[in-house]
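This report refers to the structure that appears directly beneath it.
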Amino acid sequence: MQTRQLLFVALSAILIMATSCKPKEAVDETKQKNHQDTHKIEITFTPGAMKGDKFIPSGEPSASIIASQASEWRQSKVITLQTDTPYFVQVTHYSKSGQSINREYVTNGEDRIHQHFFMPKIEESNLSATSIIDYLYLDTDPWDAPISTDAKVIGKENPIGLKGVMTFKVPTEQLKIRLRLLHARGSKFSSEGKVSPFYQPSVWTANGQYDLDFTFELNVKSKK
Numbered sequence: 002m003q004t005r006q007l008l009f010v011a012l013s014a015i016l017i018m019a020t021s022c023k024p025k026e027a028v029d030e031t032k033q034k035n036h037q038d039t040h041k042i043e044i045t046f047t048p049g050a051m052k053g054d055k056f057i058p059s060g061e062p063s064a065s066i067i068a069s070q071a072s073e074w075r076q077s078k079v080i081t082l083q084t085d086t087p088y089f090v091q092v093t094h095y096s097k098s099g100q101s102i103n104r105e106y107v108t109n110g111e112d113r114i115h116q117h118f119f120m121p122k123i124e125e126s127n128l129s130a131t132s133i134i135d136y137l138y139l140d141t142d143p144w145d146a147p148i149s150t151d152a153k154v155i156g157k158e159n160p161i162g163l164k165g166v167m168t169f170k171v172p173t174e175q176l177k178i179r180l181r182l183l184h185a186r187g188s189k190f191s192s193e194g195k196v197s198p199f200y201q202p203s204v205w206t207a208n209g210q211y212d213l214d215f216t217f218e219l220n221v222k223s224k225k
């Protein structure tokens, strides 16, 4: 009887040790999201100029594009912008109830797995993305600092794309920009800490998913 009891205790101890030593399964962030889904998107273009790594609005009116799940992501209107003018681009995500959810994409570690991409294309043109537009990630710490601010700019090291500066290089009435919001699995950074360019997700993000994939159109005229 005593031998059986000792054997039972020994086996129990082994099972407990094996269970405690079992590595935790990695969390798949693409399936266990820590944010709500985007039901409406607003993209606002404000003209101005860059001074160092700060954007200074010119005082001219801003123009916005709005699209929603309810409208099958058809944009509200086509706006006209001009070449060789830096535009501050503010992207705002809204929940089903109409509340801004930008905070949910940049807090609690979500900034490490999210990145907006701006992928331009002109119909019947072979121009590369960087020949059509230039885009600079202008995300800040804190993330909700106002348009003209002394807040620390972190866009180069940690590109998110809720705020940035876009400049159009060629006039066209056929510009389409595919806006994609990457939700990476694990990290949007490579093992060496590299990040993807604004116009193309890199190979190390291939197993990620997209919280938003929306194409909008713009008219671009030559600067007077």
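Counting from 2, one number per residue, gives the positions in the sequence shown under my numbering.
Every residue gets a Cβ at the ideal spot worked out from N, C-alpha and C, and that includes glycine.
Rounded to the nearest angstrom, what separates residue i and residue j at their Cα positions?
{"i": "Asp212", "j": "Tyr95", "result": "12 Å"}
{"i": "Lys78", "j": "Ile66", "result": "6 Å"}
{"i": "Ile134", "j": "Asn127", "result": "14 Å"}
{"i": "Glu105", "j": "Glu111", "result": "7 Å"}
{"i": "Thr173", "j": "Ala130", "result": "14 Å"}
{"i": "Leu163", "j": "Gln91", "result": "6 Å"}
{"i": "Pro87", "j": "Ile57", "result": "10 Å"}
{"i": "Lys157", "j": "Gly165", "result": "11 Å"}
{"i": "Phe169", "j": "Gly194", "result": "29 Å"}
{"i": "Leu183", "j": "Gln201", "result": "11 Å"}
{"i": "Tyr136", "j": "Gln37", "result": "27 Å"}
{"i": "Ile44", "j": "Thr93", "result": "7 Å"}
{"i": "Ser63", "j": "Gly209", "result": "33 Å"}
{"i": "Glu73", "j": "Ile80", "result": "19 Å"}
{"i": "Gln70", "j": "Trp144", "result": "25 Å"}
Helix, strand or coil: which one does DSSP assign to residue i?
{"i": "Asn35", "result": "coil"}
{"i": "Tyr200", "result": "coil"}
{"i": "Gly208", "result": "The question names Gly, but residue 208 in the sequence shown is Asn. Looking at Asn208 - three-state DSSP - the assignment turns out to be coil, as it is neither helix nor strand."}
{"i": "Val107", "result": "helix"}
{"i": "Arg179", "result": "strand"}
{"i": "Glu43", "result": "strand"}
{"i": "Asp54", "result": "coil"}
{"i": "Lys222", "result": "strand"}
{"i": "Pro226", "result": "Because the chain spans 2 through 225 in this model, residue 226 falls outside it and cannot be assessed."}
Quick check on this structure: which residue in the options has the alpha carbon closest to the alpha carbon of residue i?
{"i": "Thr150", "options": "Glu158, Asn159 and Leu139", "result": "Leu139"}
{"i": "Arg75", "options": "Asp214, Lys224, Lys222 and Gln175", "result": "Asp214"}
{"i": "Ala50", "options": "Ser223, Thr84 and Ala207", "result": "Thr84"}
{"i": "Met125", "options": "Met167, Thr141, Trp144 and Lys177", "result": "What sits at residue 125 in the sequence shown is Glu, not Met. Here the closest residue by C-alpha is Lys177."}
{"i": "Val107", "options": "Trp205, Pro160, Ala68 and Pro121", "result": "Pro160"}
{"i": "Asn220", "options": "Pro121, Pro147 and Ala207", "result": "Pro121"}
{"i": "Phe217", "options": "Ala207, Thr141, Phe119 and Lys153", "result": "Phe119"}
{"i": "Ser132", "options": "Ile148, Lys153 and Val171", "result": "Val171"}
With a cut-off of 8 Å on the beta carbons, I'd call residue i and residue j a contact; round off their distance for me.
{"i": "Leu180", "j": "His115", "result": "Actually they do not touch by this definition, with Cβ atoms about 13 Å apart."}
Examine the ligand ZN and report whether any of its heavy atoms sits within less than 7 Å of the Cβ of residue i.
{"i": "Lys52", "result": "The ligand content of the structure shown is nil, which means the ligand ZN is not present either."}
3-residue-minimum beta strand (DSSP E) runs that sit fully inside the stretch 110-176, ordered along the chain: 115-123, 134-138 and 164-169
At 4 residues or longer, and completely inside the stretch 65-110: list those alpha helix (DSSP H) runs for me, N to C. 103-107
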